[in-house]
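Just below is one structure, and these are the notes that go with it.
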Ligand code: AMP
């Protein structure tokens, strides 16, 4: 088996390992594939295509590229209690619920005990990379706001939970060696507290109490970090009171959190409480991070992909602190690292480490702006990587190896993992920006099909369309008809929320439709849309509260014609024009907003269904 060990205290050894792995990317990839095929030759899945053979060329010829629907029957059977070796020779120890959904439910990815070491390996490699660029991180702590999410069990008793919940609960995380990089202000008990509000409160309290030691702050995604700032804005008085008195608020009932936080609070600290209060009282919160935690060197949050929408907010609160996206990972597999952590968010590239999985790349055709260009062209996504969906069969044969990708081209990522995924399409579109030794570096371009995302939710065009189709029926009794719609992720507030622009035609008389619109009907439309969206949206909205109430903005009749005129004036082809289903351009947004005649919000969070994983 490929060796995943190195001395995580030895920066030189870590950097050397990255050099070796990337320099021999081709050889390592071949070894990885041979190892996966040899070990799993007898699995039902590979047997079906390879009849027990482990030949690499045969693998590429016979094993199809699949999306989730292709493996779902196997996953469902395993969830119901059939043996792991349908997919994997090594026992599948749990299923990781992804933020991608299938039929409204989270996709579930197989995981094995050994895979934990592969994840730890990647986290460990971050240490020497960060130390290389930012010296002195051993002189203090990291204030990371990390959270767990609910877990469920499959009918066979297999645990199903998100990948980070699994990681934070693992022995690798809890028994991590206290080296210079992983000393956190949050006690593990507060991270592992199942009540997110208590968890957030306690973690912020510990971060404030230890403010003088904090050298970096962060969360996994930018959205979570901004939520923490908002929480601080709403709760700083109570937090300061706890610091002042040395007593934790009574409503924090989680025993582990109480004990660990009480130990950190120690005794009353008037001076610190006054100091934090003085900062929080100021009218503007610009640069608040640097003001409260003055030794902070950077903000560690992912700001690539859909998280790029949060960069302006983070810059405001961070007051110029670097924003660092350290790694690229998913429930399927951890992929790689950002080897130049100080690069600007728009320049971030990730180097896929060749020992993490076997990677292939399906070229995505460039420059086909016509069909879907309208969606992209109004956005910040570069139009150099638009996809065509024609002839997927032809594309399948064209998948190329890691070392054969070309600079400037876009590809869809395909993985064959150690845990039972074979030629699986992750759904991410990446662009090659360069090479580190022989290993390519990729910019994250976008996730296939996703139109709206605030937190970990990923709403695609189809789901949005069917949600709108359900909601618009409520207009019929009012003799009104929805003629056009589009959407927008409004992140100007924390948390952000979905906005739908609706143009409504009144069928009965010439009176403007909106005058007839009863706000209770429109609010109900908002709720029906929310109820129709997928499980992850509902969890973020109803449980994590990381998404605010959905809003419908009704626009004047004719507004969408003006939208088309504007798009055409900017170069969209009239023949191929399709209403963009998501708006990203400021100019288009200004146009829509200038025609708004009514705003309505969902009045109740959607009901969160219990997930019956395999039904
Ligand atoms: P999940 O399956 O819920 O673990 O989500 C994984 C997905 O999150 C990936 O496939 C990407 O679409 C996205 N993602 C993860 N890391 C990054 C990153 N560094 N930049 C942009 N998107 C990311």
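In my numbering, the protein residues as written are 4 to 618. Where is the CB? At the ideal position from N, CA and C, for every residue including glycine. All of these numbers come straight from a predicted model, not from anything done at the bench.
Burial state of residue i, where buried means 16 or more other Cβ atoms lie within 10 Å
i           : result
residue 326 : buried
residue 624 : Outside the displayed span of the chain (4 to 618) sits residue 624, for which this structure offers no information.
residue 1   : This structure leaves residue 1 out entirely; the chain is present only between 4 and 618.
residue 103 : buried
residue 165 : buried
residue 258 : exposed
residue 141 : exposed
residue 378 : Confidence in residue 378 is poor, its pLDDT being 30 and thus under 50, which makes the residue's placement too unreliable to answer from.
residue 330 : buried
residue 444 : buried
residue 281 : exposed
residue 111 : buried
residue 16  : exposed
residue 495 : exposed
residue 43  : buried
residue 284 : exposed
residue 476 : exposed
residue 610 : exposed
residue 605 : buried
CB of residue i within 8 angstroms of CB of residue j, strictly
i           : j           : result
residue 303 : residue 219 : yes
residue 338 : residue 353 : yes
residue 40  : residue 62  : yes
residue 24  : residue 342 : no
residue 422 : residue 114 : yes
residue 531 : residue 473 : yes
residue 543 : residue 466 : no
residue 320 : residue 292 : yes
residue 559 : residue 600 : yes
residue 193 : residue 264 : yes
residue 313 : residue 229 : yes
residue 245 : residue 275 : no
Boundaries of the alpha helix (DSSP H) in which residue i is found, first to last residue
i           : result
residue 73  : 71 to 82
residue 203 : 199 to 212
residue 196 : Where residue 196 is concerned, there is no enclosing alpha helix (DSSP H), given that its DSSP letter is neither H nor E.
residue 288 : That residue, residue 288, is in no alpha helix (DSSP H); it is neither H nor E in DSSP.
residue 465 : 464 to 475
residue 131 : 118 to 136
residue 321 : 314 to 321
Minimum C-alpha distance to residue i - residue among the options
i           : options               : result
residue 413 : 144, 245 and 434      : 434
residue 82  : 95, 73 and 357        : 95
residue 506 : 420, 539, 602 and 427 : 602
residue 144 : 49, 212, 489 and 15   : 212
residue 262 : 461, 520, 611 and 189 : 189
residue 2   : 38, 607, 23 and 240   : Lying before the first or after the last residue shown, residue 2 is absent from the chain, which here runs from 4 to 618.
residue 592 : 609, 569 and 25       : 569
residue 316 : 301, 289, 308 and 334 : 289
residue 492 : 310, 447 and 440      : 310
residue 171 : 112, 269 and 149      : 149
residue 407 : 8, 138, 30 and 12     : 30
residue 66  : 427, 181, 204 and 158 : 427
residue 121 : 498, 285, 451 and 336 : 336
residue 442 : 19, 20 and 28         : 28
residue 138 : 301, 271, 455 and 273 : 301
residue 619 : 106, 178 and 174      : A query on residue 619 cannot be resolved here, the shown segment of the chain reaching from 4 to 618 and no further.
residue 176 : 151, 160 and 200      : 151
residue 425 : 21, 11, 10 and 50     : 50
residue 482 : 520, 159, 566 and 502 : 520
Start and end residues, beta strand (DSSP E) containing residue i
i           : result
residue 583 : Residue 583 -> no beta strand (DSSP E), and no H or E assigned at all.
residue 303 : 301 to 305
residue 104 : 95 to 105
residue 554 : 554 to 558
residue 2   : Nothing can be reported for residue 2, as the shown portion of the chain is limited to 4 through 618.
residue 64  : Run containing residue 64: none in the beta strand (DSSP E); it sits in the alpha helix (DSSP H), 59 to 65.
residue 489 : 483 to 493
residue 414 : 413 to 419
residue 448 : 442 to 450
Neighbour flag for residue i against chain C, beta carbons, 8 angstroms
i           : result
residue 298 : Absence of chain C from the displayed structure is noted, only one protein chain being present.
Using the beta carbon as the reference atom, which residues fall closer than 5 angstroms to any heavy atom of the ligand AMP, ordered along the chain? Those residues, listed in chain order, are 101, 102, 305, 307, 308, 331, 333, 334, 431, 447 and 450.
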